[in-house]
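Colleague: FYI, the numbering for the sequence shown is 272 to 913, going by the numbering used here. Every residue gets a Cβ at the ideal spot worked out from N, C-alpha and C, and that includes glycine.
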Amino acid sequence: MTSQVSSTAEQADGTVVGEQRTAAGAKDVRRLDRVIIRFAGDSGDGMQLTGDRFTSETASFGNDLSTLPNFPAEIRAPAGTLPGVSSFQLHFADHDILTPGDAPNVLVAMNPAALKANIGDLPRGAEIIVNTDEFTKRAMQKVGYDSSPLEDGSLDGYSLHPVPLTTLTVEALKEFDLTRKEAERSKNMFALGLLSWMYHRPTEGTEKFLRTKFAKKPDIAAANIAAYRAGWNFGETTEDFAVSYEVAPAAKAFPPGVYRNISGNLALSYGLIAASRQADLPLYLGSYPITPASDILHELSRHKNFGVRTFQAEDEIAGIGAALGAAFGGSLAVTTTSGPGVALKSETIGLAVSLELPLLIVDIQRGGPSTGLPTKTEQADLLQAMYGRNGEAPVPVVAPRTPADCFDAALEAARIALTYRTPVFLLSDGYLANGSEPWRVPDLQELPDLTVRFAQGPNHALDDGTEVFWPYKRDPRTLARPWAIPGTPGLEHRIGGIEKQDGTGNISYDPANHDFMVRTRQAKIDGVDVPDVEVDDPDGARTLVLGWGSTYGPITAAVRRIRKEGDRIAQAHLRHLNPFPRNLGTVLERYDKVVVPEMNLGQLATLIRAKYLVDARSHNQVNGMPFKAEQLAAALKEAIDD
Numbered sequence: 272m273t274s275q276v277s278s279t280a281e282q283a284d285g286t287v288v289g290e291q292r293t294a295a296g297a298k299d300v301r302r303l304d305r306v307i308i309r310f311a312g313d314s315g316d317g318m319q320l321t322g323d324r325f326t327s328e329t330a331s332f333g334n335d336l337s338t339l340p341n342f343p344a345e346i347r348a349p350a351g352t353l354p355g356v357s358s359f360q361l362h363f364a365d366h367d368i369l370t371p372g373d374a375p376n377v378l379v380a381m382n383p384a385a386l387k388a389n390i391g392d393l394p395r396g397a398e399i400i401v402n403t404d405e406f407t408k409r410a411m412q413k414v415g416y417d418s419s420p421l422e423d424g425s426l427d428g429y430s431l432h433p434v435p436l437t438t439l440t441v442e443a444l445k446e447f448d449l450t451r452k453e454a455e456r457s458k459n460m461f462a463l464g465l466l467s468w469m470y471h472r473p474t475e476g477t478e479k480f481l482r483t484k485f486a487k488k489p490d491i492a493a494a495n496i497a498a499y500r501a502g503w504n505f506g507e508t509t510e511d512f513a514v515s516y517e518v519a520p521a522a523k524a525f526p527p528g529v530y531r532n533i534s535g536n537l538a539l540s541y542g543l544i545a546a547s548r549q550a551d552l553p554l555y556l557g558s559y560p561i562t563p564a565s566d567i568l569h570e571l572s573r574h575k576n577f578g579v580r581t582f583q584a585e586d587e588i589a590g591i592g593a594a595l596g597a598a599f600g601g602s603l604a605v606t607t608t609s610g611p612g613v614a615l616k617s618e619t620i621g622l623a624v625s626l627e628l629p630l631l632i633v634d635i636q637r638g639g640p641s642t643g644l645p646t647k648t649e650q651a652d653l654l655q656a657m658y659g660r661n662g663e664a665p666v667p668v669v670a671p672r673t674p675a676d677c678f679d680a681a682l683e684a685a686r687i688a689l690t691y692r693t694p695v696f697l698l699s700d701g702y703l704a705n706g707s708e709p710w711r712v713p714d715l716q717e718l719p720d721l722t723v724r725f726a727q728g729p730n731h732a733l734d735d736g737t738e739v740f741w742p743y744k745r746d747p748r749t750l751a752r753p754w755a756i757p758g759t760p761g762l763e764h765r766i767g768g769i770e771k772q773d774g775t776g777n778i779s780y781d782p783a784n785h786d787f788m789v790r791t792r793q794a795k796i797d798g799v800d801v802p803d804v805e806v807d808d809p810d811g812a813r814t815l816v817l818g819w820g821s822t823y824g825p826i827t828a829a830v831r832r833i834r835k836e837g838d839r840i841a842q843a844h845l846r847h848l849n850p851f852p853r854n855l856g857t858v859l860e861r862y863d864k865v866v867v868p869e870m871n872l873g874q875l876a877t878l879i880r881a882k883y884l885v886d887a888r889s890h891n892q893v894n895g896m897p898f899k900a901e902q903l904a905a906a907l908k909e910a911i912d913d
């Protein structure tokens with residue numbers, strides 16, 4: 272039996288570290304409360320798969336976590352170049368966390384380009400694991416290294432672990448009938464095994480995953496598992512890694528329940544399916560593939576057993592046209608896209624406003640304008656969602672705040688669309704879509720009742736007593752018009768994009784009628800029932816930070832830092848951007864300063880200034896990446912002190 276000695280220390284960033292030293296030559300085990308790891312390499316090196324598997328095992332272990340996949344914009348950038356670097360960052364902890372982290376504690380760099388592209392984000396003292404086999408003279412020159420960073424002292428401020436990952440992987444797979452190129456492809460599994468040993472991650476799930484993924488190629492499955500185990504054994508036996516780390520499960524961070532790791536796009540897909548079941552309507556998706564929304568089309572196409580129909584159209588216009596037709600036919604209709612696709616869909620969105628049919632427009636925002644930054648995140652479609660149509664065509668706008676919240680936001684968008692017979696924008700973004708976090712699987716009893724009542728017969732009596740169906744006779748509470756399924760006897764009616772006469776739905780060019788219909792459609796959206804905005808203000812602050820969408824995590828993390836340092840600041844976050852919560856004006860009036868951080872040039876701030884005449888201050892970032900909590904905290908502190 273070995274004896275153990277325990278001690279604790281505190282890192283410079285405040286992370287509490289516990290340490291266990293074992294006798295008889297065993298390696299030290301240090302306890303950390305959180306870790307940020309980034310895997311980086313060529314887009315063909317499997318960094319996303321590596322990060323995803325590490326994340327899955329971390330979720331099953333019970334840590335709280337947040338991830339940030341970062342893809343190259345080019346489909347296949349030249350190997351070994353800076354534009355071709357793909358990375359995956361994971362922040363996991365034994366407590367509640369909100370962001371993927373500002374600066375990695377550990378970087379796994381598979382080649383010189385990966386090191387060069389990411390070294391600037393690392394704090395001094397961070398651990399760097401490099402694949403030395405890729406640090407050839409030609410590969411280093413390709414990214415601008417005049418000398419080897421592994422030898423010239425430029426990495427002296429870091430804890431460098433040079434590991435010949437490729438050579439070790441090929442050596443571990445000698446017994447398999449593979450070419451060298453085939454064997455080299457498993458080096459990401461070797462790296463995953465090494466990191467799994469370093470942080471005491473479970474292994475059974477990954478081995479099961481590999482067997483399933485390569486079920487039709489059992490030799491490849493066995494080779495990947497062998498490489499994975501070889502990486503684990505390397506960490507256990509090599510003298511270069513004298514310490515492994517433990518991050519305890521986040522037992523106090525989660526309410527009781529069944530949890531799983533989930534990405535924003537997956538949560539949104541499940542939310543749409545749940546909405547269709549709660550409404551007892553078939554779900555119809557008319558879509559055209561576009562980054563970063565395509566995963567929703569891929570996922571929903573797998574669920575025909577839930578009555579989901581997916582249509583991959585020839586273009587964006589056809590996709591939303593088919594979805595609007597499905598809405599006319601009585602389906603919960605959805606179209607998914609990103610900013611460039613919204614521009615193409617705008618005419619049909621206006622038609623949906625005129626027809627007053629429920630339709631969900633899911634916009635997974637990305638960097639623009641035009642093609643812009645297809646794989647990077649941004650929040651710059653808010654004004655497009657609000658006003659990007661001809662004429663007065665108001666549309667409700669809902670925005671999720673975290674990957675898991677995409678599930679609830681989808682249900683909320685469906686509630687509004689079905690209740691008020693209107694198209695609804697659901698504004699997610701690339702950060703939420705591809706990022707992931709733990710999600711508590713809800714009980715069915717917790718889901719809202721979205722049951723729809725279709726028109727069943729005549730709803731109006733003419734002066735002579737004849738009973739007829741008027742397609743634009745409205746519910747006095749919601750101003751929603753009746754939803755009549757085509758083919759229902761006695762409910763024949765005309766639809767189209769030309770202005771309708773109030774009540775009858777006949778074509779009308781009457782100026783007074785047009786004025787009335789425009790104002791009525793606006794009043795319907797203004798009257799959408801949305802919850803009041805909640806304010807987190809425990810200390811009576813004079814400065815309010817107001818956010819929307821995916822800025823929730825960085826803003827909340829920054830607010831926590833500011834309060835920990837003794838300053839007072841209030842926080843509010845908007846899910847409903849049109850209409851705004853009814854108490855928002857009253858909330859804003861309570862504060863001397865209002866700061867609005869956004870990943871655009873101030874779109875929400877513009878709306879707040881215009882509607883409430885509040886001197887909202889913008890804090891903006893449009894670099895394709897989410898805010899860093901430390902930088903945001905500094906900006907908010909400056910606003911408090913100003």
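Could you name the residues of the same chain whose beta carbon sits closer than 8 Å to that of Lys616, not counting the 5 residues immediately before and after it, in chain order?
Modeller: Counting only Cβ-Cβ distances below 8 Å, and skipping sequence neighbours, we find Glu587, Ile588, Gly590, Ile591, Thr606, Thr608 and Ile632.
Colleague: Looking only at its own chain, which residues have a Cβ that is under 8 Å from the Cβ of Ala344, when we skip the five neighbours before and after it?
Modeller: Closer than 8 Å at Cβ, skipping near neighbours: Pro354, Leu644, Pro645, Thr646 and Lys647.
Colleague: Let me know the secondary structure DSSP gives Thr857 once reduced to three states.
Modeller: If DSSP states are grouped into helix, strand and coil, Thr857 belongs with the helices.
Colleague: Can you tell me whether DSSP reads Leu907 as helix, strand or coil?
Modeller: Leu907: helix per DSSP, three-state reduction.
Colleague: For Glu763, does the three-state DSSP call read helix, strand or coil?
Modeller: Three-state result, Glu763: coil.
Colleague: Return helix, strand or coil for Val865, following the three-state DSSP convention.
Modeller: Note: Val865 maps to strand in three-state DSSP.
Colleague: How is Gln650 classed by DSSP in three states: helix, strand or coil?
Modeller: Correct three-state label for Gln650: coil.
Colleague: Once the 5 residues before and after Thr370 are set aside, which same chain residues still bring their CB inside 6 Å of it?
Modeller: Result list for Thr370: Ser337, Gly824, Pro825, Ala828 and Ala900, in chain order.
Colleague: On the CB-based measure, 16 or more other CB atoms within 10 Å of its CB, does Ala812 come out buried or exposed?
Modeller: Buried, because 16 or more other Cβ atoms sit within 10 Å of the Cβ of Ala812.
Colleague: Compare the beta carbon distance of Val723 and Ala550 with 8 Å and say whether it is the shorter of the two.
Modeller: Against a cut-off of 8 Å, the Cβ pair of Ala550 and Val723 comes out as a contact.
Colleague: What distance in whole Å lies between the Cβ atoms of Ala364 and Val518, which are believed to be in contact at a cut-off of 8 Å?
Modeller: So it is a contact: roughly 7 Å between Cβ atoms.
Colleague: Anyone know if the C-beta pair for Gly351 and Asp313 falls short of 8 Å?
Modeller: Cβ distance < 8 Å, so Gly351 and Asp313 count as in contact.
Colleague: Considering only residues of the segment 461 to 543, which uninterrupted alpha helix (DSSP H) runs meet the minimum length of 4 residues and lie entirely inside it, listed in chain order?
Modeller: Runs found: 475 to 484 and 489 to 508.
Colleague: Under the three-state reduction of DSSP, which class applies to Asp679: helix, strand or coil?
Modeller: Here Asp679 sits in helix by DSSP.
Colleague: Within 10 angstroms of the Cβ of Ile308, are there 16 or more other Cβ atoms? Answer buried if so, exposed if not.
Modeller: Buried, since its Cβ has 16 or more Cβ neighbours within 10 Å.
Colleague: Who are Gln874's beta bridge partners in DSSP?
Modeller: Per DSSP, none; premise fails for Gln874.
Colleague: Grab the span of the alpha helix (DSSP H) containing Asn389 for me, first residue to last.
Modeller: That run of the alpha helix (DSSP H) goes Pro383 to Asn389.
Colleague: Check whether the Cβ atoms of Ala462 and Gly502 sit closer than 8 Å, and answer yes or no.
Modeller: Yes, these two residues count as a Cβ contact at 8 Å.
Colleague: Mind reading off the beta-carbon distance from His847 to Pro868? Whole number of angstroms is fine, and I expect it under 8 Å.
Modeller: Their Cβ separation, rounded to whole angstroms, is 18 Å, which puts His847 and Pro868 out of contact at 8 Å.
Colleague: Helix or strand or just coil, what does DSSP make of Ala330?
Modeller: Of the three classes helix, strand and coil, the one that applies to Ala330 here is helix, per DSSP.
Colleague: In terms of DSSP beta bridges, what is Leu603 paired with?
Modeller: Leu603 is bridged to Leu554.
Colleague: So, Pro674 versus Ser565, is the Cβ gap smaller than 8 Å?
Modeller: Taking 8 Å as the Cβ cut-off, Pro674 and Ser565 do not qualify as a contacting pair.
Colleague: In this structure, what does DSSP give as the bridge partners for Asn891?
Modeller: DSSP lists Glu869 as partners of Asn891.
Colleague: Just curious, the alpha helix (DSSP H) that Gln793 is in, first and last residue?
Modeller: It spans Pro782 to Asp797 - the alpha helix (DSSP H) in which Gln793 sits, taken as one unbroken run.
Colleague: So is Pro742 buried or exposed if we call it buried at 16+ other beta carbons inside 10 Å?
Modeller: Burial call: buried.
Colleague: Looking at C-alpha atoms only, which residue of Ile400, Lys413, Leu378 and Leu361 is the closest neighbour of Ala384?
Modeller: Of Ile400, Lys413, Leu378 and Leu361, the residue nearest in Cα terms is Lys413.
Colleague: Below 8 Å between beta carbons: does that hold for Gly659 and Gln636?
Modeller: No, they are not a contact pair.
Colleague: When DSSP labels each residue in this structure, what does Lys408 get in the three-state scheme?
Modeller: In the structure shown, Lys408 sits in a helix (DSSP, three-state: H, G or I).
Colleague: Extract the residue ranges of the beta strand (DSSP E) inside the segment 794 to 856, only unbroken runs of 3 or more that lie entirely within it.
Modeller: Fully enclosed beta strand (DSSP E) runs of 3 or longer: 814 to 819, 841 to 845 and 847 to 849.
Colleague: Pull up the DSSP beta-bridge partners for Thr581, would you.
Modeller: Looking at the DSSP assignment, Thr581 forms a beta bridge with Leu556.
Colleague: So, do the segment 442 to 454 and the segment 471 to 489 have three or more beta carbon pairs nearer to each other than 8 Å?
Modeller: Touching, no, given that fewer than three Cβ pairs across the two stretches are closer than 8 Å.
Colleague: For the beta strand (DSSP E) containing His362, list its first residue and its last residue.
Modeller: His362 -> beta strand (DSSP E) spans Val356 to Ala364.
Colleague: Going by C-alpha to C-alpha distance, which of Leu626, Pro473 and His366 sits closest to Ile778?
Modeller: Comparing Cα-Cα distances from Ile778 to each of Leu626, Pro473 and His366, the minimum goes to Leu626.
Colleague: In whole angstroms, give me the CA-to-CA distance for Lys771 and Met788.
Modeller: Whole-angstrom Cα-Cα distance: 8 Å.
Colleague: Would you report the Cα separation of Ala311 and Gln360, rounded to the nearest angstrom?
Modeller: Near 9 Å, if we compare the C-alpha coordinates of Gln360 and Ala311.
Colleague: For Pro629 and Pro694, what's the separation of their Cα atoms in angstroms?
Modeller: Between Pro629 and Pro694, the C-alpha separation is close to 5 Å.
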